[in-house]
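Working notes, structure below.
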Amino acid sequence: MGASQSSEVQVFASGLNLVPSAHLLEPGESRYMAGINIRKGNLYPFLAPLFIEPAKGNFMYHFDGKYNYYDMYRSNVLYNRIWYWTSALGAGKQYQDGTVAKLGIDQPIGIPLTSIQASALGITGSISYVYTYYDPKSGAESPPSRPSITLDLLGVDSDKAIEITNINPSPDGYQTRLYRIGGIHTMYTAVETLPNTATTYIDSLTFTEMEGMILESTRSFPPPSGLQYLTQHQGRFFGAVGAELLFTPAGNPDSWYALDFIAFDDVITGIASVANGLLVMSQHKSYLISGNTPFQFSKHTLSMSEGCLSSRTIATQEGTAIWLSASGFLMSNGGRINNVSLNKIGRVKNLEPFGAVYVDKRYLMSFGGTLLPSNELYPCEDLYPSDIITESGIGLPQGAVVIDFSTGEPSFSTIADVIMGYVTEAENEIFQLSGEGIVENNVVTEDGEYNIVTESGHSNIVAEVEAGASLFKTFKGQSFRDIIYLSPVYTERSIGLQKQYEKVRVVYNGVGVIQVFDEDGRVFVEKQLASARRVSEWVYIPVVFNRGYGIQFRITGTIIVDSLQWVWTPKESQ
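And the structure:
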């Protein structure tokens, strides 16, 4: 009989790979893994979530040191200590004092009326007025009202004061800023900023007494309805309506002029700010917008076949974006688009993304349904969890896909968690909202219960709110998640050489189960494992069934595994 030989694996950090046959996986790869932190190298579970507080909505944004909840998905931007967002209900902003306002300020309604008043040391020239609404918190200003009728203060009427009436206060409580043109002023120039209660004003100020700002908000209209994917890039805000990419002036998120847009051929599905410009994606195409000003903007085609399935899959870090396309997870800093998952999990389908984050070189996307690769893989049901077996092959169950870039090359793992919902980043940590299910709540809006006003009339708006949802820090709990690990089929470099397997040594601590299979998924042996400290334990394979062309391991439980070693003998040498 030939001498026994042994093989050992201690490094499991290359992550899962669903694409090649199980006996062709690279060292350190796995056929399936869930709940495993591949950054550790060994089989080491992720920490369980840490409960923070009961959630008051389906989504959360961390702003001004607080967890802010809402029921309808938003695209969020923090700019100059103000929180801006867009959602199906419209666009808005929130200040640090908790005040909430609409994005942009509506144009004043009506025309200011003027009349000449008897006064000394007043105004001379052909004079007209407009007024705007002004928000001192953000610096936002509305478009001006229609101008008043021009008054000629010449001859006997020179050096008179002018009374301005019919000033309509802002319905949103903003200040009123009055502008004057005429005399030595060839452009509308600020006279005085008035309180919201002012409806009249008597102007007798000389040009040296006026506030003096030039009117610059003639194009500062609120955003159009349906604005999506709010993104800040180089101080300028971008958003999309259909196939148009809209943008604001630099430093003015409240100014959306109707003619400031870039047209695309297809409906835009995502926007991301990266190092080399602004990524704009449709369902099947990707573009880069370069340039710092509208006159410099240039559109470059990055891909005519790779797009973005959902903006909820987009996450950025250090000038690089990751998102999900029909062909897999893509990555770009504005240069070449790289598919980082096609050779690991193939093309994907049948999933509903909840949210994505990219923190500390780790990308995590939570999703519902089942993430199904398109590869025709038909695994043995004894090996794989039943909820990932489908007619199309292997699928990843509801929870999250994790892509770790800490070693340079992307490594994939999963988290199986049927109650994991929306994920977001706050305080450089990953947070999740988890609940026991989804309920539908009607939204009460300004125009009446359950409705929102759109260009075509009223539409019912329904918000999905998790019943009993809670906020968690995803990787900060005091205990471990359960793991599922399925190894490659180890063939000792020959699938055609039959072996006789004697025993398996497991170095571990925790509680779990190890199952040992042959290359076709038939069970050699199964054993319970339990130890509060690291131990080395042998699992003996019964002689009545210990031959095969390969060996494979499945480990489940709350367990850390440092090494798997197996002893075998080539059958031909006996």
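When you read off a place in the sequence shown, starting at 1, and then add 740, the result is the number in my numbering.
Built from N, CA and C at the ideal position, the CB exists for glycine as well.
Between Trp1306, Pro989, His1024, Thr1296, which has its C-alpha nearest Glu1277's C-alpha? Nearest C-alpha to Glu1277: Trp1306.
Which stretch, first to last residue, makes up the beta strand (DSSP E) that contains Leu1237? Per DSSP, Leu1237 is not a residue of any beta strand (DSSP E), being assigned neither H nor E.
Nonlocal neighbours in the same chain, by C-beta distance under 6 Å from Ser1081, ignoring five residues either side: Cβ within range, chain order: Gly1068, Phe1069.
I'd like to know if the region 938-954 and the region 813-827 are in contact, where contact means that at least 3 CB-CB pairs between them fall below 8 Å. For the pair of segments examined, the region 938-954 was found not to touch the region 813-827: the number of CB pairs separated by less than 8 Å stays below three.
From the DSSP output, read off the bridge partner residues of Lys877. In DSSP, Lys877 forms no bridge with anything.
Test item: CB-CB of Glu932 and Ser855 under 8 Å: Cβ atoms of Glu932 and Ser855: not closer than 8 Å.
Let me know if Leu955 comes out buried or exposed under the rule of 16 or more other beta-carbons within 10 Å of its beta-carbon. It counts as buried.
Measure the alpha-carbon distance for Ser746 versus Val1097 and round it to whole angstroms. Roughly 42 Å between the two C-alpha positions.
Given 8 Å as the limit, is there contact between the region 759-767 and the region 1134-1150, that is, 3 or more CB pairs closer than that? The region 759-767 vs the region 1134-1150: no contact.
Own chain partners of Asn936 with C-beta closer than 8 Å, once the 5 adjacent residues on each side are dropped: The residues are Pro909, Ser910, Gly913, Tyr914, Gln915, Thr916.
Contained beta strand (DSSP E) runs [length at least 3] in the region 815-860, N- to C-terminal order: Within the region 815-860, the complete beta strand (DSSP E) runs of at least 3 residues are 822-827, 830-834, 840-842, 853-857.
Rounded separation between Tyr871 and Ile1159 - CA only: Cα to Cα, Tyr871 sits roughly 53 Å from Ile1159.
In three-state DSSP terms, what is Gly758? One detail in the question is off: residue 758 reads as Leu in this sequence, not Gly. The DSSP-derived three-state label of Leu758 is coil.
Express the C-alpha separation of Ile1155 and Val759 in angstroms, rounding to a whole number. Approximately 19 Å, taken between the alpha carbons.
Cβ atoms of Ser1174 and Gly1161: under 8 Å apart, would you say? Yes, Cβ-Cβ distance for Gly1161 and Ser1174 is below 8 Å.
For Val1301 and Tyr784, the rounded distance between their alpha carbons: If I take the Cα positions, the gap works out to 7 Å.
Keeping to the same chain, check which residues put their C-beta closer than 8 Å to that of Asp875; ignore five residues upstream and five downstream. The beta carbon of Asp875 is closer than 8 Å to those of Ala841, Ile845, Glu881, Tyr914, Gln915, Asp994 in its chain, skipping five residues each way along the sequence.
Residue range of the unbroken beta strand (DSSP E) whose run includes Pro1093: That run of the beta strand (DSSP E) goes 1088-1099.
Tell me the rounded alpha-carbon separation between Arg1262 and Tyr801. Rounded to whole angstroms, the separation of the alpha carbons of Tyr801 and Arg1262 is 49 Å.
In the DSSP assignment, find the beta strand (DSSP E) that holds Gly1297 and state where it starts and stops. Boundaries of the beta strand (DSSP E) around Gly1297: 1291-1310.
Compare the beta carbon distance of Phe803 and Gln847 with 8 Å and say whether it is the shorter of the two. No, these two residues do not count as a Cβ contact at 8 Å.
Pull up the distance between the alpha-carbon of Tyr1248 and that of Ser1271, whole angstroms please. Computed Cα separation, rounded: 8 Å.
Run the CB neighbour count on Val1141, radius 10 Å, all protein chains shown included, and call it buried at 16 or more, exposed below. Val1141 sits buried, since 16 or more C-beta atoms from the chains shown fall within 10 Å of its C-beta.
Is any heavy atom of the ligand ADP found at a distance shorter than 7 Å from the C-beta of Asp1100? With respect to small molecules bound, the structure shown includes none, and the ligand ADP cannot be examined in it.
Just to confirm, are Val1246 and Leu1226 a CB contact at a threshold of 8 Å? Taking C-beta atoms as the reference points, Val1246 and Leu1226 fail to come closer than 8 Å.
Rank His1024, Gly1017, Met953 by C-alpha distance to the C-alpha of Gln972 and give the top, closest one. Relative to the Cα of Gln972, the nearest Cα in the group His1024, Gly1017, Met953 belongs to Gly1017.
Ser1026 vs Glu1046 beta-carbon contact at 8 Å: Cβ atoms of Ser1026 and Glu1046: closer than 8 Å.
What residues match up with Lys1039 in a beta bridge as DSSP calls it? According to DSSP, Lys1039 bridges with Ile1029.
Check whether Gly830 and Tyr810 have beta carbons under 8 Å apart: Not closer than 8 Å, so no.
Report yes or no: do three or more beta-carbon pairs, one from the region 999-1009 and one from the region 884-899, lie closer than 8 Å? No, the region 999-1009 is not in contact with the region 884-899.
Let me check one thing: in DSSP terms, what residues is Asp1000 bridge-paired to? Under DSSP, Asp1000 forms no beta bridge with any residue.
Please determine, among Ser1234, Arg1273, Val1253, the residue with the shortest C-alpha to C-alpha distance to Lys1311. Of the listed residues, the one whose Cα sits closest to Lys1311 is Ser1234.
Count the other C-beta atoms from every protein chain shown that fall within 10 angstroms of the C-beta of Pro1073, then say buried if there are 16 or more, exposed otherwise. First, the amino acid is wrong: residue 1073 is Asn here, not Pro. By the neighbour-count rule (16 or more Cβ atoms within 10 Å), Asn1073 is buried.
Integer Cβ distance of Thr1309 from Gln1238, believed to fall under 8 Å: Not quite, the Cβ-Cβ distance comes to about 10 Å (not below 8 Å), so this is no contact.
Would you mind reading off the limits of the beta strand (DSSP E) that contains Gln1057? Residues 1055-1057.
Between Gly1297 and Val1244, how many whole angstroms is the CB-CB distance? I'm expecting something under 8 Å. Wrong, their Cβ atoms sit about 16 Å apart, outside the cutoff.
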